[in-house]
Every structure is written in C-alpha cells, then in structure tokens.
Amino acid sequence: MKKKLLSLLLATAMLAALAGCGGGKTAADAMDEAGESSAAAEQTKEETEAVQETQEEEEPAAGENKEPAQLDTSERVDLVFYTLGDAPADKEKVQEKINEILLEKVNATVDFQFSTWVDWQQKYSLQLTTGGVDLIYTANWSEYGTLANSGAFLPLDDLLDTVSPDMRELIGESALNQCRVGGQLYTIPCNDLEFTCNGIIYREDLREKYDLPVPNTPENIEAYLLGIKENDPDQQLLDVNGQETMGTVFNFKYPWVTFTGVPYGLAINYDTPQEVNDYWFSDDFLEDMKLLKKWADLGFWSRSALSNTPQEAPLENGLSVMYFAGFNPAKATWVMKDVEEEHPDWKVEFIAFGETTGVIFPANMQTNGTAVSKDCKNPERAMKVLELLLTDKELNDLVMYGIEGEHYEVDENGIYQNLSDKYGYGSMSTPNLRNKDIMIPSEARLRQDKFSTKFEEIGAKTKFPNTDIFGGFTEDNTPYSTEYGAVSNVCDQYLKPLLVGTVDDVDAAVAQFRDKLKEAGIDACREGYKEQWIAYCEEYGYK
Amino acid sequence: MKIKTSKSMIAFQSIACVLLTFGAVICVLPFGIILSGSLTDDAIIIKEGYSILPKGFTFEAYKTIFKVPGEILQAYKMTIFYTAVGTSLGLMMITMTSYVISRKEFKYRDQVSFLIYFTTLFGGGLIPWYLMYANVLNMKGTTFPIWFPGLMSPFLIILMRTFISESVPDAITESAKLDGAGHLTIFGRIILPVLGPGLATVGLFLALGYWNDWYRSSMFSTSQETWELQFYLYNLLNAAASIKQMAMNADIAMADIPTQSMKLAMAVVVTGPVLLFYPFVQRYFVSGITVGAVKG
C-alpha cells in the first residue's frame, strides 16, 4: 500500500514537471536566432524576393519621377499592415468595411496582422527579414533607429512628394525631422503629441488630512512621508524593491535630458545636451545616497527591500502611499480611475518630475510611426493607403474605433463611448494612425489632456520647445560590450544596495562602487557613449 | 524462504524513502500552491501572498474564466485537434520509418539513418524554417504549420528503432519472411502487436509535445481561431506584463489584465486533462523509455 502511494506521488510529481516545462526549449533556441535575424536580413533578401507571395505586379522604381503623377490603380493590390499588440475580436468585420472603401478609392486592400505580446521583438524583426509585410508600426522602443540603419525600411521622402504631398503639412516638418535616421526619413509619425513624461503618483487625501507639503522635491517627500508616519504608524509608506529602487526620485532635483537616468552615471542636462558631465563620481551622488540611507533608516520602506519583488498595484491596494517607478500620465490616469472606483474616499494625484525642474517634453515623434518595409512591392500604393487611413475621417474612425453604432457611439458631448468589448478604443493597436485633427476623444484621453495642456505650457518654455531630444537616440554598445556587461554587473551588485539605502556606511559603499566601476571599465563605456551621443546631437542640431 | 533484511538494508531503505518522499513533495508542492492560489480570494493573495491551503476560499477565478468560455473552449478544441492529428499521424510515420531503418536488408539504411540523425546536429534555424512555411508553402494562418512540424523527431525515431530491434528478434521476422509474409504483414501482424510500450511512450511524448506547444501558434497564427491553448494562456499573461512595461513609453490599448488568482486558475484548467490522461499510459512509460534509452 505504502509503495503504491509513493509511486503515485512520484508519478504525479514527474507529470507536473513534464506538463509544466515542456514548451520552453524551442523558445530559448529561437531567441538566440532572433538576435541574428536583423544581421541576416540582407542575405535573405534575395531569397525572399524570389518567393515573395503577395503581389504579382512588377515593382516601379520608387520615387524616380519627381512630378506628382496620378497614381496608377488599375491593378488591385493587397497590403499587409503589421502592428504590435493583440487583435480585436471583431477584426475581420471592421477590416472588411475598411477594404470596401479602400478598394473603391485606390483599388487596394489591407490585412492587419498582429504580433501579440508573446516574443514580439523576435516576430517583429522576423516579419521584416522575411518580407511578409508592407506597412509596419515603428517605435523607438521597437528599435526603429537600428532597423532603419540596417535598411529594413524604404526611405520615404520622395514617396511623400510624389504620392502624398499634403502629408508633410499634416505631420509637420519638425516632427518628420525627429524621425530622420542618417538624414533619411523612414517612418511617418502620427501628429499627436503624447506626454509620457515620468513622475510620481501619491495619496493626496492623506496629504490634505494631515496638512503636509506637496511632495514635489526630495525634501518635501521626506516631510510628507514623515508626516504620514507620525499620524498613522501602521500605514505602509513605500513599496521599494530590487527592481523598482529609489533612483528615480532624484529626477526632481536634476533637469536631465531623460527621466530614466542617463546610462553609465552620466549627467546630461536638457539645456546643454552636448555637455556630458559626471554623476556617479560627483559629490551630488554621495549626498543623494546619504539621503536614501537616511530614509531607509527612518523606515520609509521594508528592511528587506532588496530581496522583495514588486507588489501588484501597491497604491490601489493600500500598500504604499506613493509610487515612483515609471509613472506617466497615461498610467496615472488608469490608477486614478481604479482608485475612484474602489476607494471613493481616496484621492490620488500625479506630479511629473518636470513640473519641479521645468524640463518637460512630449515623447519623441519616433514613438508612434508607420514605415514601409523594404520588401514592399507597391510602395506608392502603400503610401496612399497610409495617407487615407490617417486622414480620411471615415477610414480613420473605422480603424481607431470600429463600426459606429455597433462598437462605439459618440455621446452628446462628442466623447467616445464603447458599446462592445469586441472592439475597443484604438483596438487595431495602431496608435501610429492617431490624427489629432479628426480624433474622437475618450474619457481617459480627456483626463490625460488635462495633464497634457499643463505640460505643454511648461514644455513650450524649454530650450527645445516640446521636443524630446533624447528619445531618438539609440546606443550601439557593441564596441564596448565587454565593459558594458561588467558595468551592469557592478551596478546590480553595488549600486542597488545604495539605491535602497541598505548599506551600513555610505561613504565606504560609494567608494567601493566607484572602485569597482573603474575596474569594470566604466571609462570605455562613457567614452563610447559620449562619442555617439555628441554625434547624434550634431546630426539633429541639438546644441 | 524469506530473505532476512539486514539492519543496513533497513537503514538504506528508510533513508531512500525519506529522500524520495522529500523530492516528491518538492515536485508536488508548486502544483499544490497553484491549485490553492486559484481558489484563494484575489485581495488576500495581494496582501498576504500565496499559501498551501487556500484562505478565503472562492471559485471566483474559475467563474470569471468560464463566464465567456468561447475563447478558451475554442483554444481547447484546437489543441485537442492538433494533439489528436499530430499524435496519430506522427505515431504512424515514426513507427513505419523506424521499422524501415531497423531492417538490416534495407540497402540504403545507413544513408537514410544518417539523413535523420544529421538534423539533430545541424538545422536551418529559425528564418529558413519560418520562410518555408510562410512564404514557400504560403501556409501562414492555416492550421498546417502548427501540427505538421511536430510530427517526427529524430529522437523519437531512434527510440522507436531501438525498441523494435530489441523486442523483435531478427529470427522471427526472417521466419515470417520464409513463410511468405511481405513487409506489410510483418509490420502489421508481427511488429506492431509487441510494440505496446514503445507506442505508448512515443505517443505520450508526441501528445505532451503538442499539448505544451505554444511557439508554432505564436509564429504562424494570424487569428485567434487557430491558437493553441498554451499560447492563449501565455499570451494572456504576457500581454499583462508587456503592457505594464510598455505603458511607460506609450499609451497602448489596455486589454483585460487577469488577476493573480485567475492566472493560476487558468494554469489548472490547462494542466487538468494531462493529469487525467497520464496515469493510463504511465505504466508503459518507464519500460518504454528504458528499453529505448539503455541500448540506444
């Protein structure tokens, strides 16, 4: 009997292991190969063209005739539009409607294909390598710069002039310029400024209750947290952990060029982008780390912060009163809405770092764009379709919101109201097709707009009005990849304890961190980075 | 006569029992936590973390999953379809291939075997593989590239071949041949009937492979109708993580993000059938795999 029980136990154990871990291997293998895929892009190009499936029409050389000629639409063209995200349930239905109009207007159809969020980086580059797509979503975080450099997209300047001359005005020349790589334009950004500036979100109701200062500087944050601690000792204050440390808080202090910290502990101020200074080896850094140590000693966060994992939605669940890591207006609006529904007596506010430092800017125009793949057989038609999707009110509404009356309606205030969970707001995952002139605002959008207008005013006063100068920069760390790896390890081991204030002696720990950085070859990284950054600034004229 | 168990033997057995039980518990525990987590109230998971026995017992997570069961049932249907088609076709092809390369009189035996083994060392890699199905065969979006690539694997062919040569001595097939049996008769009436454990092992490997696969859906599915169950699950979890991360950079259409207990409930829903299926094949499994492996 005993034996039977034991063997049953073992069998179940083995099975659980089998069922659980079966699928992993192929993915890991494939991941390795994905890295090579962009490099292999050039090689496979010829093969790809030989086996290209979509079109039968021969390729007219792009942009050789300068005069805006009438587009030849005698033959039907089927295009593939690749976007990052999940397909809406009613994709086919909406797509059919879109194609009806497109066929009539330019004798073309478009098939939206979706990456889903599983392994999207790999699939994204695979699509470009194997040439199965015509139009494709681009973003700086999907490595637009690198891909453009490697020749994955068609240059669009000539196409714009011949096919869609009006688009230049719609998008704006300065926005287009932000998307240039090596002087060439490879993507058409949407014309909608988006403020993704980071900041903090905090419990305003507690601040009012205990009459505390608005936590918009490190000093005020200290006073705010101390105040809550004194009045309500049981309230947990901050959810600090190994992944979301306190490093971001100093964005309230320095007018840096990015909200996420310049790599390698460099300091580049927004107003003087070509002056690359040092942060990790400066006295400021030592002072800041001492402040964090003080906060940790005051008990603002758990002693075991370093080994903690992030809590799920700590603010909404009352596990923290303030949240730092990666908060932008869009995210803040979500939390606010959640809190409003679940805790009507609470109040949550968002403060952008830039409101204190005066440096604020919308996301770089590269964030949401549409490119034409190098393997596209009909670039003219693709461009025309893109123009229509962006500018034709009827088509744009279909793509962005679905079928009116079935998926959405516009209420008396002109605000979007969803009617069906089969197609949401912007459900084709095409933020690159947002056109602010014909957009139907949603409630969330209006909430965000409150921030945006405020930020746009601050942003207009900066040196580069409403321009994200850092967002278009892509670092290539291959020349110093060894040092890069070593420095990353040093940061994990020596910087993180500093950032959560769990060291005993800050002076000694900082000194040790600096020594280790030197040993790891921080100088090589900094040199390489600086060189690329200055070259980038020169190219775009950021002085 | 009963062999007297010596003290050292008793000591050895008790130590072995303790160690093995310990090992088994370590393997089972995570699954227990998944099960209990799926039955725990979501708010408690967030505040207090997971526990072995569910606190705040509730079926809420399962209710949410099956409120709109269409999607998950469709994924279930597809996975069962892929598993059934893949396993049956695969078993047939693997067994027949193994039979052929296990025959000594087959003239090109070495060459054919080499071709099969060679693929274990060198493969074309991801891009040619993808190109083949997507552009050459133009099968992207159909179910074909999802079940077809998993049909045969060199490992299973080797396993089966060894199994055949182990369990059927040459003399038997030779005498059958002398009696006038053709290859079909030999294969169908002499080899197949004794292959039970081998078929069960290879079949289980194939079935588990199909059941657990998500990657081919990820590559080749263009609509949710053809998704495998694991991919459906994986995508749901992944979307939550990606959106959380991506929201820092851009505002992206937010899908319904599953709660903690819902994720676990889905894991249970997906693993369930395999749990039920396994005990029936398990008794063949050990013998099948050892016969194939030791002398392979």
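In order, the protein sequence lines correspond to chains A and B.
For the record, in the first sequence the residue sitting at position 1 is -10 according to my numbering, with numbers rising by one throughout.
Adding 17 to a residue's 1-based position in the second sequence gives its number in my numbering.
Note that the Cβ used here is the ideal one computed from N, Cα and C, for glycine as well.
At a CB-CB cut-off below 9 Å, which residues of chain A make contact with B/T239?
Numbered from 1 along the second sequence, position 222 holds the residue referred to as residue 239 of chain B. For B/T239, the chain A residues whose Cβ falls inside 9 Å of its Cβ are A76, D100, Q102 and F103, in order along the chain.
So, helix, strand or coil for A/A314, using DSSP?
For the purposes of this step, residue 314 of chain A is taken as residue 325 along the first sequence, with counting starting at 1. A/A314 falls in the strand class under three-state DSSP.
Check distances from the C-beta atoms of the stretch 112 to 130 of chain A to those of chain B and list, in chain order, the residues that come in under 9 Å.
The stretch 112 to 130 of chain A vs chain B, Cβ under 9 Å: K112, L115, T118, T119, G120, G121, A128, N129 and W130.
Taking the C-alpha atoms as reference points, what is the distance between A/K218 and A/R192?
If you number the first sequence from 1, residue 218 of chain A lands on position 229. If you number the first sequence from 1, residue 192 of chain A lands on position 203. Using only the alpha carbons, I get a separation of about 13 Å.
From the DSSP secondary-structure annotation, give me the bridge partner or partners of A/S362.
Position 373 of the first sequence holds residue 362 of chain A. DSSP output for A/S362 lists A/F142 as bridge partner(s).
Would the stretch 336 to 348 of chain A count as touching the stretch 103 to 113 of chain A if we require 3 or more Cβ pairs under 8 Å?
no
Measuring only between beta-carbons, confirm whether B/S235 sits less than 8 Å from chain A.
Within the second sequence, the letter at position 218 stands for residue 235 of chain B. For B/S235, the nearest beta carbon of chain A is closer than 8 Å to its own beta carbon.
Please name the residue in A/P252, A/R423 and A/K82 whose C-alpha comes closest to that of A/D512.
Taking the first residue of the first sequence as position 1, residue 512 of chain A is located at position 523. Comparing Cα-Cα distances from A/D512 to each of A/P252, A/R423 and A/K82, the minimum goes to A/P252.
Touch check for the stretch 194 to 214 of chain A and the stretch 365 to 384 of chain A: three-plus C-beta pairs under 8 Å?
no
Using a Cβ-Cβ cut-off of less than 9 Å, give me the residues of the stretch 235 to 254 of chain A that come near chain B, in sequence order.
Cβ contacts with chain B come from T249.
Rounded to the nearest angstrom, what separates A/N478 and A/T467 at their Cα positions?
Start at 1 with the first residue of the first sequence, and residue 478 of chain A comes out as number 489. Start at 1 with the first residue of the first sequence, and residue 467 of chain A comes out as number 478. Each residue's Cα considered, the two are about 17 Å apart.
Can you name the residues of chain B whose CB is closer than 9 Å to the CB of A/V95?
Counting from 1 along the first sequence, the entry for residue 95 of chain A is found at position 106. Here the premise fails: no neighbours, minimum Cβ distance about 23 Å.
What in chain A is Cβ-close to B/I97, meaning under 8 Å?
As a first step, residue 97 of chain B is located in the second sequence; it is residue number 80 there, counting from the start. Result: empty, since nearest Cβ-Cβ is about 15 Å, beyond 8 Å.
Quick one: using the 10 Å Cβ neighbour count with 16 as the cut-off for buried, is A/A524 buried or exposed?
Position 535 of the first sequence holds residue 524 of chain A. It counts as exposed.
If the criterion is Cβ atoms closer than 8 Å, does the pair A/Y312 and A/I189 meet it?
Numbered from 1 along the first sequence, position 323 holds the residue referred to as residue 312 of chain A. Numbered from 1 along the first sequence, position 200 holds the residue referred to as residue 189 of chain A. It is a contact, given that the beta carbons lie within the stated cut-off.
Is the separation between the beta-carbon of A/C179 and that of A/F248 shorter than 8 Å?
Position 190 of the first sequence, counted from the first residue, corresponds to residue 179 of chain A. Position 259 of the first sequence, counted from the first residue, corresponds to residue 248 of chain A. Result no, Cβ atoms of A/C179 and A/F248 do not sit closer than 8 Å.
If we require 3 or more residues per run, which beta strand (DSSP E) segments fall completely within the stretch 146 to 180 of chain A?
If we require 3 residues or more, the beta strand (DSSP E) runs fully inside the stretch 146 to 180 of chain A come out as 176 to 178.
Do you know how far the Cα of A/K532 is from the Cα of A/D334?
Counting from 1 along the first sequence, the entry for residue 334 of chain A is found at position 345. Counting from 1 along the first sequence, the entry for residue 532 of chain A is found at position 543. Each residue's Cα considered, the two are about 48 Å apart.
Interface residues of chain B around A/W335 at Cβ under 9 Å?
By one-based count along the first sequence, residue 335 of chain A stands at place 346. Per Cβ cutoff of 9 Å: no residues; A/W335 is ~16 Å from chain B at best.
Residues of chain B with CB closer than 7 Å to the CB of A/D108, please, in chain order.
As a working mapping, residue 108 of chain A is identified with position 119 in the first sequence. Those are S235, listed as they occur along chain B.
Could you tell me whether the stretch 207 to 216 of chain B touches the stretch 153 to 167 of chain B, using the rule of 3 or more Cβ pairs below 8 Å?
no
Does DSSP classify A/T185 as helix, strand or coil?
Within the first sequence, the letter at position 196 stands for residue 185 of chain A. Correct three-state label for A/T185: coil.
Under 8 Å: do the stretch 446 to 461 of chain A and the stretch 341 to 358 of chain A share three or more Cβ pairs, one atom per stretch?
With three or more CB-CB distances shorter than 8 Å, the stretch 446 to 461 of chain A counts as touching the stretch 341 to 358 of chain A.
Return the CA-CA distance between B/Y134 and B/P171, expressed in angstroms with no decimal places.
Counting from 1 along the second sequence, the entry for residue 134 of chain B is found at position 117. Counting from 1 along the second sequence, the entry for residue 171 of chain B is found at position 154. Using only the alpha carbons, I get a separation of about 6 Å.
For A/G448, would you say it is in contact with chain B, using Cβ-to-Cβ distances shorter than 8 Å as the test?
Sequence index remark: in the first sequence, residue 448 of chain A carries index 459 (1-based). False, the Cβ-Cβ gap to chain B never drops below 8 Å.
Using a threshold of 8 Å, state whether the C-beta atoms of A/K373 and A/S153 are closer than that.
Residue 373 of chain A sits at position 384 when you count from the first residue of the first sequence. Residue 153 of chain A sits at position 164 when you count from the first residue of the first sequence. Result yes, Cβ atoms of A/K373 and A/S153 sit closer than 8 Å.
Do you know whose CA, among A/Q84, A/L117 and A/L145, lies nearest A/P368's CA?
Here residue 368 of chain A refers to the residue found at position 379 when the first sequence is read from its first residue. Minimum Cα distance to A/P368 is reached at A/L145.
Distance cutoff 8 Å, beta carbons only. Does B/Y67 sit that close to anything in chain A?
Along the second sequence, read from residue 1 onward, the residue named residue 67 of chain B stands at position 50. No, because no Cβ of chain A sits closer than 8 Å to the Cβ of B/Y67.
Which whole-angstrom value is the C-beta distance of B/T57 and B/G73, which I expect to be below 8 Å?
For this step, residue 57 of chain B is matched to residue 40 along the second sequence. For this step, residue 73 of chain B is matched to residue 56 along the second sequence. The Cβ separation is near 6 Å, so the contact holds.
B/M279 to A/Y414, Cα distance in whole Å?
Position 262 of the second sequence, counted from the start, is the residue given in the question as residue 279 of chain B. Position 425 of the first sequence, counted from the start, is the residue given in the question as residue 414 of chain A. Those two C-alpha atoms are separated by around 25 Å.
Could you pull the start and end residues of the alpha helix (DSSP H) that A/E93 belongs to?
Position 104 of the first sequence, counted from the start, is the residue given in the question as residue 93 of chain A. Counting along the chain, the alpha helix (DSSP H) containing A/E93 begins and ends at K80 to V95.
So who's on the other strand from A/A245, going by DSSP bridges?
As a first step, residue 245 of chain A must be located in the first sequence, where it is residue number 256. For the record, residue 245 of chain A in the displayed sequence is Trp; it is not Ala. A/N258.
Relative to the C-alpha of B/L52, which candidate in B/Q30, B/F76 and B/T81 has its C-alpha closest?
Sequence index remark: in the second sequence, residue 52 of chain B carries index 35 (1-based). Considering only alpha carbons, the answer is B/F76.
Taking 6 Å as the limit between beta carbons, can you name the residues of its chain near B/L250, skipping five residues before and five after?
In the second sequence, residue 250 of chain B corresponds to position 233, counting from 1. Contacts found: M283 and V287.
Using CA atoms only, rank isn't needed, just tell me which of B/P290, B/Y125, B/Q299 and B/L246 is closest to B/K94.
Within the second sequence, the letter at position 77 stands for residue 94 of chain B. Of B/P290, B/Y125, B/Q299 and B/L246, the residue nearest in Cα terms is B/L246.
When DSSP labels each residue in this structure, what does A/P207 get in the three-state scheme?
Counting from 1 along the first sequence, the entry for residue 207 of chain A is found at position 218. If DSSP states are grouped into helix, strand and coil, A/P207 belongs with the helices.
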